[in-house]
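What follows is a set of notes on a single structure, which appears directly below.
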Amino acid sequence: MASLSTTKHAAATALRSFTGHRLACVAPTSFASLQQHRGQASASYTSPFEKRDTTNTPGWGKYASKKPELSNRMFQYFLAGTFGGLAAVGAKSTVQDFLVNMSASADVLAQAKVEIDLTQIPEGKNIIVKWRGKPVFIRHRTEDEIKDAEGVKIESLRDPQKDEDRVKKPEWLVMLGVCTHLGCVPIGEAGDFGGWFCPCHGSHYDVSGRIRKGPAPLNLEIPAYDFPEDGLVVIG
Ligand code: FES
């Protein structure tokens with residue numbers, strides 16, 4: 010038993026001395042390398058919070074032009090003028106293309122004007138033509154109708170207008186056949202004033218197309234028209 014305990018003690022002693030030797034060998038080396046690493050880090054580290062002079066801007070002298078100021082300015086004006094001119098030409102072309110694209114086509118323009126042969130309309134008669142989707146009344150007025158229309162006191166009218174301001178030739182009355190109340194088409198040669206009568210709500214127009222009675226607020230509208238030659242009227 011004594012020899013067994015002696016053997017254990019010797020083994021423990023040997024193990025302790027071996028471990029201590031290994032630690033003694035390793036520890037100084039690791040400590041030295043750690044110190045060296047710390048030293049390097051502290052030498053290269055720069056804190057982002059340390060105070061620096063931020064007003065110290067770099068000089069631009071080396072980028073500045075060596076030419077005289079007038080020559081530089083002329084060059085800038087030339088560039089600005091050239092690009093401005095190009096931009097204006099481009100914008101004009103774009104707007105022009107847009108407007109041409111949006112404008113009425115040739116067939117629509119052809120419908121925009123209507124030619125009427127007046128020689129086919131007897132005195133004292135109306136015809137109705139279609140222009141831009143609306144009815145147009147053309148009346149060949151008699152001498153008596155013209156006298157009646159011209160003799161009305163315009164102060165008595167709801168929408169005061171002289172007959173001479175509504176016609177280009179007294180014998181020809183050209184106006185839109187759309188009631189100014191709610192847009193019905195009045196009936197010709199009817200009503201209390203020998204002109205037109207709107208049956209929708211009872212508006213009466215005289216032989217000049219002026220409102221005389223009923224709810225319509227305004228005279229019948231006169232469209233653009235012209236007489237390019239005798240016996241011909243062009244509406245539109
Ligand atoms: S629409 Fe003609 S009177 Fe009303």
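Here the sequence shown stands for residues 10 to 245, where the numbers follow the working numbering. All C-beta atoms in this analysis are idealised placements derived from N, C-alpha and C, irrespective of residue type, glycine included.
Pairing Gly-142 with Gly-99, the inter-Cα distance amounts to about 38 Å. Between Leu-182 and Arg-150, the C-beta spacing is below 7 Å.
Taking the Cα positions, Glu-124 is about 4 Å away from Val-243.
Set against 6 Å, the gap from the CB of Leu-191 to the closest heavy atom of the ligand FES is smaller. The C-beta separation of Met-184 from Ile-137 comes to about 11 Å, leaving the pair out of contact by the 8 Å criterion. In this chain, the alpha helix (DSSP H) harbouring Lys-101 covers 78–111. An exposed status is given to Asn-110, since fewer than 16 other beta-carbon atoms sit within 10 Å of its beta-carbon.
In this structure, DSSP gives Asp-239 a state outside helix and strand, which the three-state scheme calls coil.
Taking a 10 Å sphere around the C-beta of Trp-69, we find fewer than 16 other C-beta atoms and assign the residue as exposed.
DSSP places Lys-222 in the strand class (E or B) of the three-state scheme. In the three-state scheme derived from DSSP, where H, G and I count as helix and E and B as strand, Asp-168 is classed as coil.
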